[in-house]
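One structure is given below, encoded as structure tokens.
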Amino acid sequence: MSADLGPSWATTAAAVDRAAANFLDTVSDRLPGLLPERDHTVVFAALGRLAGGVDDPAGRAAALAVLARAHRGVGLLPQHADLLGDALLAAVARENRAHWTAALATGWERGLRRAVTAVRRAAARVGDGPAWWRAEVVAHDRAADGVAVLTVRPRRPMPYRPGQAVPVCAPRRPGAWRWYSPANAPRPDGTMELHVLGVAVGTVSGALVDGVRPGEPLLLGPPCGISLLLDPSPWHDLLLVAGGTGLAPLRALVEQLAAAPDGRRVTLVAGARTPADLYDRATLAELEAAHEWLTVVPAYSHDPAAGPAEQGDALTVALRHHTGGQEVHLCGPPPMVAGARLRLLAAGVPADRIHLPDTFDR
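Counting in the UniProt record's numbering, the sequence shown runs from 1 upward without gaps.
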């Protein structure tokens, strides 16, 4: 989907968000009973950003996962899509009037048609269930420089499996969704941890790290992804390799095994630049102390004082601890993941024992 449907990414995104804020005045009275009024803005803003191509591929995929469930859940018909589209074009044109041209209008119409087609196709593939869960932030901790650990509680039970990711949206930016993996196995109280690294251009990450506070709402989309899930057959020990906040889904796998040990031995390599950047050290130490089958190995890429076994990037250190027969699960920043498969194959790890995160970029 093209990102050239407005004068700039920022201008287009802002126009969509402003238009969404006024959506109830534009169209809600013509969609009686389809969605609760408070949900109209979420659907409208997500569709607008999808049509405008104002997010990266993973962000668009997150919005699409939510919209597909919404479409399937309420049974939107072609005439409803047309109504939404007309309202979207009118609202974006109004908010972007200083730059609006016939060519821009044509581009938005094409983008909208592509977005609606993508939603319909995705709706045919997704399972039934809520499009999103409303949740409350119950704790917000600045765990390291630029990293926040949020504890959130959905208002109704949210089923997910350790290793999956969920789209997350801060309601103040209702159209922007980003993927985050819960850092824990499901808990009796339903709470989950989200580990968020703030990035300079991150609409959602910036809001989560610097904006939200306990008591504020979040929206959580449907859990997705199968690539990091554990094989239920405990035939092989595990080597878990985490870079930065890629630790979250791998810690959830450790908690899954802690709840139901199956005889596998687990080595978790947690990568960070320095000890100060290894934001979850206390929890990892508690897990290691409680379970004799778990070994936690820190990996420091920029700490000259680290011992030889700990010095290097996470994958380099992990390969020192690799033994034949292990299943390898790896999660971390995109550059780390991009080169991981070739390095693991070169080290002799069979392809069917390499588990990398879903990219969510299609």
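Positions of the beta carbon are idealized from the N, C-alpha and C atoms, including for glycine.
- Remark: C-beta atoms of THR295 and GLU286 do not approach each other more closely than 8 Å.
- Shown here, GLU109 sits in a helix according to DSSP, grouped into three states.
- Under the three-state reduction of DSSP, GLY271 is assigned to strand.
- In chain order, GLY190 place their CB closer than 8 Å to the CB of PRO157, counting only its own chain and leaving out the 5 sequence neighbours on each side.
- Shown here for VAL126: same chain residues with a beta carbon closer than 8 Å to its own, the five before and five after excluded, namely ALA65, ALA68, ARG69, ARG72, PRO222 in chain order.
- Contact check between the stretch 132-143 and the stretch 79-96: fewer than three CB pairs, one atom from each, fall below 8 Å, which does not count as touching.
- Under the 8 Å Cβ criterion, the stretch 180-197 counts as touching the stretch 150-165, having at least three qualifying pairs.
- According to the DSSP assignment, GLY339 belongs to the alpha helix (DSSP H) that extends over 334-346.
- At a Cβ-Cβ threshold of 8 Å, TRP293 and LEU220 do not count as neighbours.
- The shortest C-alpha to C-alpha distance from ALA259 to any of ARG94, ARG114, ASN184, ALA347 is the one to ASN184.
- DSSP places PRO154 in the uninterrupted beta strand (DSSP E) bounded by 147-154.
- Boundaries of the alpha helix (DSSP H) around GLY206: 203-206.
- Residue environment: ASP145 is assigned as exposed (fewer than 16 neighbouring CB atoms within 10 Å of its CB, all protein chains considered).
- TRP108 counts as buried, since at least 16 other C-beta atoms from the protein chains shown sit within 10 angstroms of its C-beta.
- For THR359, the three-state secondary structure derived from DSSP is coil.
- Taking each of CYS224, SER205, ARG178 in turn and checking the Cα distance to ALA122, the smallest one comes out for CYS224.
- Residue burial is scored here from C-beta neighbours: GLY129 has fewer than 16 other C-beta atoms within 10 angstroms and is therefore classed as exposed.
- For ALA259, the enclosing alpha helix (DSSP H) has its first and last residue at 247-259.
- For the pair LEU240 and LEU253, the CB atoms are nearer than the 8 Å cut-off.
- Annotated as distal: THR245 and LEU284, with beta-carbon spacing of 8 Å or more.
- A Cβ-Cβ distance of about 4 Å is found for the pair ALA148 and VAL209, placing them in contact under the 8 Å criterion.
- Annotated three-state conformation of VAL199 is coil, per DSSP.
- Within a 10 Å sphere around the beta-carbon of LEU278 sit 16 or more other beta-carbons, which makes this residue buried.
- For LEU294, there is no enclosing alpha helix (DSSP H); the residue is found in the beta strand (DSSP E) stretching over 294-300.
- Non-local C-beta neighbours of THR274 in its own chain, meaning closer than 8 Å and more than five positions away in sequence, comprise TYR300, HIS302, ASP303, ordered along the chain.
- The alpha carbon of PRO333 has as its nearest neighbour, out of LEU247, LEU150, ILE226, the alpha carbon of LEU247.
- ASP313 and ASP55 have their C-alpha atoms roughly 30 Å apart.
- Rounded to the nearest whole angstrom, the C-alpha separation of ALA46 and VAL204 is 13 Å.
- DSSP places ARG320 in the uninterrupted alpha helix (DSSP H) bounded by 314-320.
- Pairing GLY85 with VAL43 gives a Cβ-Cβ distance that is not under 8 Å.
- HIS355 is positioned such that its CB atom lies closer than 8 Å to that of HIS329.
- DSSP places ALA176 outside any beta strand (DSSP E), giving it a letter other than H or E.
- With respect to the 8 Å criterion, ALA58 and ARG49 are not classified as neighbours on the basis of their beta carbons.
- Counting along the chain, ARG142 sits inside no alpha helix (DSSP H); it lies in the beta strand (DSSP E) bounded by residues 133-144.
- Classified as exposed, SER233 has fewer than 16 neighbouring CB atoms from the shown chains inside 10 Å of its CB.
- A straight-line Cα-Cα distance of about 9 Å links GLY163 and ARG251.
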